[in-house]
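Following: one structure in structure tokens, then a few remarks.
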Amino acid sequence: MSATPRQKDLPPGAIDTHAHVFGRDLPMIARRRYTPDCPAPLERYVSLLRDHGLAGGVLVQPSFLGHDNRYLLQCLCRAKGLCKGVVALDPATPSAALQEMAHAGVVGARLNLFGQNLPSFQHEVWRQFLLQARQLDWHIEVHCPIMLLPDIVPPLLDSDCKVVVDHFGRPDYQSGTDLSALDYLCSLAQTERVWVKLSAAYRVWSDQTITESSLVAQHLLQVFSARRLVWGSDWPHTEHEARTGFDRALQLLFDWIPQEEDRFTILADTPRLLFKFQGDSSCPYVPSH
Numbered sequence: 000m001s002a003t004p005r006q007k008d009l010p011p012g013a014i015d016t017h018a019h020v021f022g023r024d025l026p027m028i029a030r031r032r033y034t035p036d037c038p039a040p041l042e043r044y045v046s047l048l049r050d051h052g053l054a055g056g057v058l059v060q061p062s063f064l065g066h067d068n069r070y071l072l073q074c075l076c077r078a079k080g081l082c083k084g085v086v087a088l089d090p091a092t093p094s095a096a097l098q099e100m101a102h103a104g105v106v107g108a109r110l111n112l113f114g115q116n117l118p119s120f121q122h123e124v125w126r127q128f129l130l131q132a133r134q135l136d137w138h139i140e141v142h143c144p145i146m147l148l149p150d151i152v153p154p155l156l157d158s159d160c161k162v163v164v165d166h167f168g169r170p171d172y173q174s175g176t177d178l179s180a181l182d183y184l185c186s187l188a189q190t191e192r193v194w195v196k197l198s199a200a201y202r203v204w205s206d207q208t209i210t211e212s213s214l215v216a217q218h219l220l221q222v223f224s225a226r227r228l229v230w231g232s233d234w235p236h237t238e239h240e241a242r243t244g245f246d247r248a249l250q251l252l253f254d255w256i257p258q259e260e261d262r263f264t265i266l267a268d269t270p271r272l273l274f275k276f277q278g279d280s281s282c283p284y285v286p287s288h
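Once you know that position 195 of the sequence shown is 194 in numbering that gives the first Met the number 0, the rest is easy, because the numbers rise by one and skip nothing.
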């Protein structure tokens with residue numbers, strides 16, 4: 000493993016594209032796969048960004064909060080441009096509410112389909128939702144087992160939406176890495192409307208096989224190019240807190256992408272455009288007291 004990356008090793012405007020924030024005593028959905036033991040406050044996340052030389056982050060709605068995005072939206076307001084947001088929504092959400100979210104800094108909607116039924120994209124409510132997402136220039140973030148991508152991605156692309164695929168596409172490499180599992184995902188590169196997150200390797204590989212993650216990262220780089228890859232810490236690493244941390248997540252990116260030019264593109268150029276970070280790359284956040 001390489002030495003811990005230093006701030007000077009990061010490009011100006013570097014972005015963490017995947018993190019979760021949540022407080023104590025927030026209302027959680029009854030049907031949830033996980034209940035957090037500790038809060039993950041915005042203040043702690045901002046401190047991590049600053050300590051590691053990152054200029055911004057993307058807050059992704061945690062699955063256990065369902066479609067109640069109020070805490071995420073409050074954090075976007077407090078972050079004052081430092082963070083963008085990806086929400087989880089009922090497709091029947093009114094257009095006015097979507098526009099308000101966009102004004103608050105929301106840039107995408109997430110479909111977390113682990114343990115969920117597949118969306119009925121042929122229904123009018125979904126067609127209208129995807130139309131509005133496209134009009135807002137949002138991306139649709141997809142988190143599902145890799146074998147479901149052929150059912151999920153084509154309707155999104157047919158709706159002319161941008162698609163971001165979470166966590167290497169979520170292949171199951173706990174016992175070993177088989178690149179053929181990525182064939183469908185890699186076939187999507189030709190659309191130039193699909194991006195892949197290099198994130199949460201511990202959800203894909205076991206401790207025994209995680210060294211193979213570099214092989215997959217390099218394969219995705221060759222197929223998609225750095226213009227279609229982004230990096231995310233997946234902080235606070237829910238359910239895997241004992242296995243990893245923010246330092247480790249950033250170190251892995253340096254192991255995966257040793258080429259500085261490509262790494263700079265993945266950290267800054269690509270996410271700043273995709274997630275709509277504009278202008279100054281400094282940290283404007285002022286903590287509330």
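The C-beta atom is built at its ideal place from N, Cα and C for all residues, glycine as well.
So residue i and residue j are supposed to be a Cβ contact under 8 angstroms. How far apart are they, rounded?
i, j, result
"F63", "T34", "6 angstroms"
"T269", "L214", "Actually they do not touch by this definition, with Cβ atoms about 21 angstroms apart."
"S158", "R133", "6 angstroms"
"T190", "L156", "6 angstroms"
"A203", "Y172", "Position check: residue 203 holds Val in this sequence, whereas Ala was assumed. That pair is a contact at about 5 angstroms."
"W234", "Y44", "6 angstroms"
"I145", "A180", "6 angstroms"
"R32", "G114", "6 angstroms"
"P93", "F120", "Actually they do not touch by this definition, with Cβ atoms about 20 angstroms apart."
Who are the near neighbours of residue i in its chain, counting only those whose CB is closer than 6 angstroms to its CB and skipping five residues on each side?
i, result
"L110", "V141"
"L9", "G52"
"F128", "P90"
"P149", "Y183"
"A225", "D261, T264 and I265"
"K83", "V57, G104, V106 and F274"
"F138", "Looking at the sequence itself, residue 138 is His, so the reference to Phe does not match. Within the same chain, H138 has close Cβ partners G107, K161 and V163."
"L72", "A103"
"D279", "Low confidence applies to D279: its pLDDT is 47, below 50, so where it sits in the model is not reliable, and the reading given next is rough at best. Nothing meets the Cβ criterion."
"P61", "H19 and F21"
"H239", "Y201"
"I28", "G65"
Would you say residue i and residue j are within 8 angstroms of each other, going by their C-beta atoms?
i, j, result
"A54", "V86", "no"
"V76", "V20", "First, the amino acid is wrong: residue 76 is Cys here, not Val. No; because the gap between Cβ atoms is not below 8 angstroms, this pair is not in contact."
"W230", "L266", "yes"
"P26", "D67", "yes"
"S232", "A18", "yes"
"R271", "G12", "yes"
"A101", "L135", "yes"
"A199", "I209", "no"
"D206", "R242", "yes"
"I14", "F245", "no"
What does DSSP give as the partner residue(s) for residue i in the beta ladder?
i, result
"I139", "A108 and V162"
"A18", "L58 and W234"
"L228", "V195"
"Y33", "Y33 is not bridged to any residue."
"C82", "G56"
"A13", "DSSP output for A13 lists no bridge partner at all."
"Y172", "W204"
"A39", "F21"
Cutting at 7 angstroms between CB atoms, please list the residues of its own chain near residue i, excluding the five before and the five after it.
i, result
"A216", "L197, W255 and I256"
"V285", "Because the pLDDT of V285 is 45, which lies under 50, any placement of that residue in the model is unreliable, and the question is left without a value."
"L187", "V152 and V193"
"F223", "A188 and V195"
"H288", "Reliability fails at H288, whose pLDDT of 36 lies under 50, so the model's placement of it is uncertain and no value is given."
Within its chain, find whatever has a CB closer than 8 angstroms to the CB of residue i; leave out the 5 residues flanking it on each side and keep chain order.
i, result
"M0", "With a pLDDT of only 48 at M0, under 50, the local geometry of the prediction cannot be trusted, and no value is derived from it."
"I291", "Residue coverage of the chain in this structure runs from 0 to 288, which leaves residue 291 outside it and unanswerable."
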